[in-house]
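Engineer: Below is a structure I'd like to ask you about.
Protein chains in written order, with this note's numbering: chain A, 1347 to 1705; chain B, 1347 to 1705; chain C, 1347 to 1705; chain D, 1347 to 1705.
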């Protein structure tokens, strides 16, 4: 089940960087949802290389095609197969990759696990794999919005030491998309962009934090004891390439408070049970409580850098490697739609699971 | 599948705080493993309330019984059912809980989700649920140790601001168990214990960090793209009560470095491909690389505190609640065996999955 | 997942013939359903040995206990753990079984697969394992009846060559339970009972057919292409001990007709789309069509017979075996509640799955 | 999980009769297996319409393309995506299908379940869906043959009343493929072909039985209590379109024998535990016993016939329907590779599961 995610709204992704293409099959989508490629392409464009001067310049249009599961513009309830053809076959740029393991990449571990690897472009470990997730996530977001009134957003919260001020309760999509780094704090966004540009010129890379938000989640989603909402979000995020950490609500910072300071008091507000603070991050005991769900994901600095590094070759000899070509000096702007997609996939799956048992 | 964890080595836990008991069924255990209750009880004793002056004084012996799946002291390959009877039925201590939602507990969300809840002792949301995990984890640890040469450890890394210095490569079980807070840094352990005692007397609570370690994991475990080893560890940890965050390897701290600083160079050592540093936390591309796996889990300050707090009752009226009785001023010492258990469950499941596809 | 059945309404059974007992954990049960042991015991009594002169005289009361998942007589939505203690530990009756593989039993295959087996009473291969299924099935039947208006029945259709005439549309529970063989055709029932008694006295055994029926299933249950309703029923039935065959609707007999003769014409009746005939067995394209679902399951003659048979011992030497003790001369009367249980488990799972995607 | 089959060797099929195409994603395939389209196309050709005068003349080349999961002609261990484009878009031939439910087809049930259906060509209910199964099954057969020494075969055993004599122990692939009906009994094959031709000319259809065989299965495959080998085979077969029944070994016929007559005595032969007879069909207690696995599957007469039939339209009015165009007068010759594929998929999944737990 390595390449399948979800229980009731299930996606299976496939594809390597080079080869026929990359794609995804979505099973369990509710029927009669309006759906065409036009619903998917915008998120794919936000994920696409070459979209701005601070991301990898690899040129691919990433045009998605729906092969099954819809009829006359509506979903059938049958599997939705979506496909993006591979275009940019410059495998000659990667020849050294054929024989050397790139440090902090997955070349060595794939070789160790499978005894074989598709080295061009990193094969299955390429970020191209996330195309399927983003396409499926676009469907999930649409379901959440139209059927459940839930809005999913993500944005760049921090690049290296540059931390933005953002209010998860009020942040708007258009403010996120207002700049190429996808940080709704316009002042900090400018600094981030300059840092990334400097980093790119230095042939180096930086990491940071993406914050994910889901507003309008009703109380009751989440399946303890194992499939807690935050547990499934954590898994979803850590399944994205280059992620190293996840925290929900108060997260690691919450441990500096005492219980008395940390607890979220309940109060009635607008006829609903609400919490005065939201250190719980909208989830208590693994189940949504009606407050805004928010969490943060750390992405390490991209492993591809243009400096000579010590490594080992496929014949188990010490050597050095200095990559050429193109890279993402900072993965965060392109990671934003990936975080949104995975969030939406978790939420719609839990929405359906909740309806099944308690509906 | 809310109460089942794992794909090939699968556990299903059951039970509420009050009622017949709590237990677990383990399916998929390899046959012919030596196994009796004596293999399980030590970890249950490490999880047990009343084990020291810094944990909740609730008195329960938590004696485990194996009901099936073994014959003449060896596993059969059939489901292993394990059971701990409930003893401490002081439900009168909890009567206010019948009508009021405890802040930052799961009372409200369970009621919202299911329209019913077992309020005595918190029902299914009680930490007693983890008994089943710890019992199953003891089997998983035994398999890892005996069949794969893998050692799993966990310890308290930080209580509030008190952070210990511990080397994941060399820390020993006996140093962890040398004090009641389960922190192998003896000097810091003393400070932690004093802080927890002060906190208990103040009727308050503190949180902190448990670090988990797995040594001897061979290269190749982990099932990208979704069931990456770190993704399954993240889910496992966030499925534990009171957890708010997870980070593997360099974690959130890794974003302060550039790629050039962060990458783990490869070098041959002892005839093996090794990394010079281990910011990857023993996992690259979702697959173990042969280095020590290590990660940190944040536990929030326990929600039960002995101060009056604003809350709402089951009739949706504002009210206040001041819990009486017993509580864990700091969940960390008892969380250590839980983190070990979940780590072992993830690893043995991945060991079997790897053997299935690539064995 | 060998011992877990179902996707949303999931059961996990455990237990061997000898040992602590046998049981089941039900996960995914809707909350707030009235449930006590009194809802379960009647079906367990119908499954119990010693209930009549034509079944095995093994004496066990099979008293079920609910250990978790209910509160004040209602389900919580959390796992329901149910347990029946083992009582009848006459393992001395089985000593030859310790060293010889009983023909057409699972002794040899368990040994071959696991390298170990619990020989007393057949261990996990004992029909006692079905206790958990029947207990879980009683809950499933209650949900189907109360929440969906679906009635599940089963009865003995044929014993060896003695075939009963029964109309699946009109057969009543009380007619099935009117005799000890559970055949609603009273005349044929008498003949069946006499045949079974003769067979028992001869130390031999007979097989036959149980027919299962579900009335009131609404159109729309079933999840093609793989989890077709009839496919899941087939798996459920073939997972019962001693089963060899399954047919739905016209079954094997349907191949004697041409398409023109076999097709079920549609007609409007009572404002609903109905079929004039029901050779489809209530299922078309893997989805229920609103007609009565009916199917037949073949149970082979019980393998335990009191005659000397050629076999092999655990040292791989040819030998002979003549079982002593007790046996079921015909498994069918006790198989009836098992077929009902598995039918109900499949249906309630599909009801929830349908609600999740299309509700 | 409706469109996913298998636990460790998992396939997900997608696609409708009309639209982008049909395909399958295989996850969990062992790495380093030699694999190109040439390994898949022969089985697709055996499944293809238009292959002989006794099957539907629909003209499609069904050329399969591997889009991912291989590199330099070997499997990577990553998902293998396979695709067949749709060519034959004659949807005008089906216009009456847009408004009328074909009797004994799935038109009505899909509409009832999903509230929408892709009527051209039957959409997802078209036999084209099985293309993905057959392609994946070709991989499974290759693994079984090369890694486990297991041979999977299927053949037409009976058409209406015409029953062939075939020995499952000795039947050869070339004898099966020696005639267009795929019955290795040459004399009976001729009669079957004449019957099917007569039936086609009469605008009618006939059904029959396909027998499946697996030789060389080692003792130990199968996962009781639910995932018994025969249970998973039964589900696999009943998940194929137009199937109504399944029997393994002695099947329904076995109930005419007594236990004494039916039991398979064990004897040592060639240093192995063998059975003298094989009424068990190679499976005991849900686990393979080393004998040949064999079973039979009933396919009903094709529902599409060229005679006027009573039916109902989408406005719930009584009407009649007389299909035009093309049809399979007998599905059996094309069902043979489908049965092989599903058999192989079940077996390879169980081989991997057995290795995981007991390897």
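Idealized CB from N, CA, C, for every residue including glycine. Quick caveat, the model's predicted, so the values are computed rather than measured.
At a Cβ threshold of 9 Å, is residue 1504 of chain C touching chain A?
Structural biologist: For the purposes of this step, residue 1504 of chain C is taken as the residue at position 158 of the third chain. No - not a single Cβ of chain A is within 9 Å of the one on residue 1504 of chain C.
Engineer: Should residue 1363 of chain B be flagged as near chain A, meaning a C-beta pair shorter than 9 Å?
Structural biologist: Counted from its first residue, the second chain places residue 1363 of chain B at position 17. With 9 Å as the cut-off, residue 1363 of chain B does not count as an interface residue toward chain A.
Engineer: Within this structure, are the beta carbons of residue 1781 of chain D and residue 1477 of chain D separated by less than 9 Å?
Structural biologist: Residue 1781 of chain D is absent from the model: chain D starts at 1347 and stops at 1705.
Engineer: Here's the rule: buried if 16 or more other CB atoms are within 10 angstroms of the residue's CB, otherwise exposed. What is residue 1518 of chain C?
Structural biologist: Here residue 1518 of chain C corresponds to residue number 172 of the third chain, with the count starting at 1. Label assigned to residue 1518 of chain C: exposed.
Engineer: Check the C-beta distance from residue 1574 of chain D over to residue 1584 of chain C and give it rounded, since I have them as a contact under 8 Å.
Structural biologist: Your numbering for residue 1574 of chain D matches position 228 in the fourth chain. Your numbering for residue 1584 of chain C matches position 238 in the third chain. Confirmed, about 7 Å.
Engineer: Which residue wins for smallest C-alpha separation from residue 1704 of chain D, given the options C:1366, C:1417, C:1427, C:1459?
Structural biologist: Along the fourth chain, one-based indexing puts residue 1704 of chain D at 358. Minimum Cα distance to residue 1704 of chain D is reached at C:1459.
Engineer: Beta-carbon within less than 7 Å of residue 1645 of chain D's beta-carbon, same chain only, minus the 5 sequence neighbours each way: which residues are those?
Structural biologist: Mapped onto the fourth chain, residue 1645 of chain D falls at position 299. Within the same chain, residue 1645 of chain D has close Cβ partners 1553, 1554, 1556, 1588, 1589, 1677, 1678, 1681.
Engineer: Hey, residue 1360 of chain D and residue 1369 of chain D: beta-carbon distance below 9 Å or not?
Structural biologist: Within the fourth chain, the letter at position 14 stands for residue 1360 of chain D. Within the fourth chain, the letter at position 23 stands for residue 1369 of chain D. Yes, they are a contact pair.
Engineer: With 7 Å as the limit, tell me which residues of the stretch 1561-1575 of chain B have their beta carbon closer than that to any beta carbon of chain A; keep them in chain order.
Structural biologist: Going along the stretch 1561-1575 of chain B in chain order, one finds 1565, 1566, 1569, 1570, 1571, 1572, 1573, 1574 with a Cβ nearer than 7 Å to chain A.
Engineer: So is residue 1487 of chain A buried or exposed if we call it buried at 16+ other beta carbons inside 10 Å?
Structural biologist: Position 141 of the first chain holds residue 1487 of chain A. Residue 1487 of chain A comes out buried.
Engineer: Within its chain, find whatever has a CB closer than 6 Å to the CB of residue 1537 of chain D; leave out the 5 residues flanking it on each side and keep chain order.
Structural biologist: Within the fourth chain, numbered from 1, the residue matching residue 1537 of chain D stands at position 191. Cβ neighbours of residue 1537 of chain D beyond the five flanking positions: 1508.
Engineer: Any C-beta of chain A sitting closer than 9 Å to the C-beta of residue 1449 of chain B?
Structural biologist: Walking along the second chain from the start, residue 1449 of chain B turns up at place 103. Judged by the 9 Å Cβ criterion, residue 1449 of chain B is in contact with chain A.
Engineer: Quick one: using the 10 Å Cβ neighbour count with 16 as the cut-off for buried, is residue 1516 of chain C buried or exposed?
Structural biologist: As a working note, residue 1516 of chain C is residue 170 in the third chain. Counting Cβ neighbours within 10 Å, residue 1516 of chain C comes out exposed, since fewer than 16 surround it.
Engineer: Are the stretch 1459-1470 of chain D and the stretch 1415-1428 of chain A in contact at 8 Å, needing three or more beta carbon pairs?
Structural biologist: Yes, the stretch 1459-1470 of chain D is in contact with the stretch 1415-1428 of chain A.
Engineer: If you reduce the DSSP assignment to three classes, tell me which class residue 1569 of chain B lands in.
Structural biologist: By 1-based counting over the second chain, the position of residue 1569 of chain B is 223. Residue state, collapsed to three classes: strand.
Engineer: Which residue wins for smallest C-alpha separation from residue 1511 of chain C, given the options C:1522, C:1531, C:1526, C:1686?
Structural biologist: The residue given as residue 1511 of chain C occupies position 165 in the third chain. When only C-alpha atoms are compared, the closest one is C:1531.
Engineer: Can you tell me whether residue 1641 of chain B is helix, strand or coil according to DSSP?
Structural biologist: Counting from one through the second chain, the residue named residue 1641 of chain B turns up at place 295. In this structure, residue 1641 of chain B counts as strand in the three-state DSSP scheme.
Engineer: Assuming residue 1674 of chain A and residue 1402 of chain A make a contact with CB atoms under 8 Å, what is their CB distance in whole Å?
Structural biologist: The residue labelled residue 1674 of chain A in the question sits at position 328 within the first chain. The residue labelled residue 1402 of chain A in the question sits at position 56 within the first chain. Right, their Cβ atoms sit about 4 Å apart.
Engineer: Distance cutoff 9 Å, beta carbons only. Does residue 1699 of chain C sit that close to anything in chain A?
Structural biologist: Your numbering for residue 1699 of chain C matches position 353 in the third chain. At least one chain A Cβ lies under 9 Å of residue 1699 of chain C.
Engineer: Please report how far the alpha carbon of residue 1655 of chain C lies from the alpha carbon of residue 1611 of chain D, in whole angstroms.
Structural biologist: Numbered from 1 along the third chain, position 309 holds the residue referred to as residue 1655 of chain C. Numbered from 1 along the fourth chain, position 265 holds the residue referred to as residue 1611 of chain D. Their Cα atoms are separated by approximately 7 Å.
Engineer: With a threshold of 16 other CB atoms inside 10 Å of the CB of residue 1598 of chain B, please say whether the residue is buried or exposed.
Structural biologist: Looking up residue 1598 of chain B in the second chain gives position 252. It counts as buried.
Engineer: I'd like to know if residue 1583 of chain D contacts chain C, where contact means its C-beta is closer than 9 Å to some C-beta of that chain.
Structural biologist: Within the fourth chain, the letter at position 237 stands for residue 1583 of chain D. Taking Cβ atoms only, chain C reaches closer than 9 Å to residue 1583 of chain D, which makes this a yes.
Engineer: In angstroms with no decimal places, state the Cα-to-Cα distance between residue 1395 of chain D and residue 1474 of chain D.
Structural biologist: Your numbering for residue 1395 of chain D matches position 49 in the fourth chain. Your numbering for residue 1474 of chain D matches position 128 in the fourth chain. Each residue's alpha carbon lies about 9 Å from the other.
Engineer: Look at the alpha carbon of residue 1457 of chain B and the alpha carbon of residue 1564 of chain A, and state the distance between them as a whole number of angstroms.
Structural biologist: Position 111 of the second chain, counted from the start, is the residue given in the question as residue 1457 of chain B. Position 218 of the first chain, counted from the start, is the residue given in the question as residue 1564 of chain A. Cα to Cα, residue 1457 of chain B sits roughly 13 Å from residue 1564 of chain A.
Engineer: Per the DSSP calculation, residue 1680 of chain A is bridged to which residue(s)?
Structural biologist: For this step, residue 1680 of chain A is matched to residue 334 along the first chain. Residue 1680 of chain A is not bridged to any residue.
Engineer: Which parts of the stretch 1495-1547 of chain C are runs of the beta strand (DSSP E), unbroken and 3 residues or longer, counting only runs that do not cross its ends?
Structural biologist: With a minimum length of 3 residues, the continuous beta strand (DSSP E) runs that stay inside the stretch 1495-1547 of chain C are 1497-1505.
Engineer: Helix, strand or coil for residue 1489 of chain D per DSSP?
Structural biologist: Along the fourth chain, one-based indexing puts residue 1489 of chain D at 143. Helix at residue 1489 of chain D.
Engineer: What residues in its chain sit with their C-beta under 8 Å from that of residue 1387 of chain A, if we drop five residues either side in the sequence?
Structural biologist: Mapped onto the first chain, residue 1387 of chain A falls at position 41. Around residue 1387 of chain A: 1409, 1410.
Engineer: Is residue 1479 of chain B near residue 1697 of chain B, with beta carbons less than 9 Å apart?
Structural biologist: By 1-based counting over the second chain, the position of residue 1479 of chain B is 133. By 1-based counting over the second chain, the position of residue 1697 of chain B is 351. Cβ atoms of residue 1479 of chain B and residue 1697 of chain B: not closer than 9 Å.
Engineer: Of the choices C:1695, C:1701, C:1702, whose alpha-carbon is the least far from that of residue 1353 of chain C?
Structural biologist: What you label residue 1353 of chain C is simply residue 7 of the third chain in a count that begins at 1. Cα-wise, what sits closest to residue 1353 of chain C is C:1695.
Engineer: Taking residue 1578 of chain D as the query, report the chain C residues whose CB atoms sit under 8 Å from its CB, ordered along the chain.
Structural biologist: Stepping through the fourth chain from its first residue, residue 1578 of chain D is reached at position 232. Near residue 1578 of chain D (Cβ distances below 8 Å), the residues of chain C are 1581.
Engineer: Could you tell me which of D:1364, D:1526, D:1351, D:1426 sits nearest to residue 1397 of chain D, measuring between CA atoms?
Structural biologist: Here residue 1397 of chain D is taken as the residue at index 51 of the fourth chain, counted from 1. Cα-wise, what sits closest to residue 1397 of chain D is D:1526.
Engineer: For residue 1605 of chain C, which of helix, strand or coil comes out of DSSP?
Structural biologist: Here residue 1605 of chain C corresponds to residue number 259 of the third chain, with the count starting at 1. Of the three classes helix, strand and coil, the one that applies to residue 1605 of chain C here is helix, per DSSP.
Engineer: For the beta strand (DSSP E) that residue 1358 of chain C lies in, which residues bound it at each end?
Structural biologist: As a working mapping, residue 1358 of chain C is identified with position 12 in the third chain. Residue 1358 of chain C -> beta strand (DSSP E) spans 1356-1361.
Engineer: Return the Cβ separation of residue 1684 of chain C and residue 1470 of chain C in integer angstroms, given the expectation that the two are a contact with Cβ distance under 8 Å.
Structural biologist: Mapped onto the third chain, residue 1684 of chain C falls at position 338. Mapped onto the third chain, residue 1470 of chain C falls at position 124. Not really, about 16 Å apart at Cβ, beyond 8 Å.
Engineer: Please decide whether residue 1354 of chain B counts as near chain D, where near means a Cβ-Cβ distance under 9 Å.
Structural biologist: Taking the second chain and counting its residues from 1, one reaches residue 1354 of chain B at position 8. It does; some Cβ of chain D falls within 9 Å.
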